[in-house]
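Data block below; observations after.
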Amino acid sequence: QVQLVESGGGLVQPGGSLRLSCAASGSVFSRNAMGWYRQAPGEHRELVAVVFNGGNTNYRDSVKGRFAITRDKAKNTVYLQMSSLKPEDTAVYYCNQWPPVWDYWGQGTQVTVSS
33 QVQLVESGGG LVQPGGSLRL SCAASGSVFS RNAMGWYRQA PGEHRELVAV VFNGGNTNYR
93 DSVKGRFAIT RDKAKNTVYL QMSSLKPEDT AVYYCNQWPP VWDYWGQGTQ VTVSS
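The sequence shown lines up with residues 33 to 147 when you count with the numbering used here.
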């Protein structure tokens, strides 16, 4: 059974930083590209960043240069380092493989950027 558990969210001031973690169980982590997604209130869930098996990464334009996605294969964990946070980054952040699998969505972790 696949389980993805996100952690590391919280309240941070604009310009601050957070590091999110996603612990993955099962074989999903080793076989697939992994992504971080987010959903703000009243908005659709969107892809934020993806890391491919070879290590290549891709980001949505609004977070380029501020966010960094990495994966630790030994720990079956994916990270999202977020810097220079803006109020518009406020959302619940989720991880999933890319493309996402509906059954793999976890509870997410809330990130709130506010002064």
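Heads up, the beta-carbon is just placed ideally off N, CA and C, and yes, glycines get one too.
Element boundaries [beta strand (DSSP E), containing W68]: 65 to 71
Range of the contiguous beta strand (DSSP E) that encloses V34: Note, V34: premise wrong, no beta strand (DSSP E); not H, not E.
Closer than 8 Å to chain C by CB, K107: The chain labelled as chain C is not found in the depicted structure, where only one protein chain is given.
Inter-residue spacing [alpha-carbon to alpha-carbon] between P119 and G138: 23 Å
Q139 - containing beta strand (DSSP E), residue span: Neither: Q139 is in no beta strand (DSSP E) and is coded neither H nor E.
Selection from G74, G47, Q45, Y69 that minimises the alpha carbon distance to W134: Y69
Residue range of the beta strand (DSSP E) that includes E75: It is not in any beta strand (DSSP E) - E75 carries neither H nor E in the DSSP assignment.
Which residues DSSP lists as bridging G42, in chain order: V143
Same chain, Cβ closer than 7 Å to N128, five either side skipped, listed in chain order: L36, G67, Y69, Y136, W137
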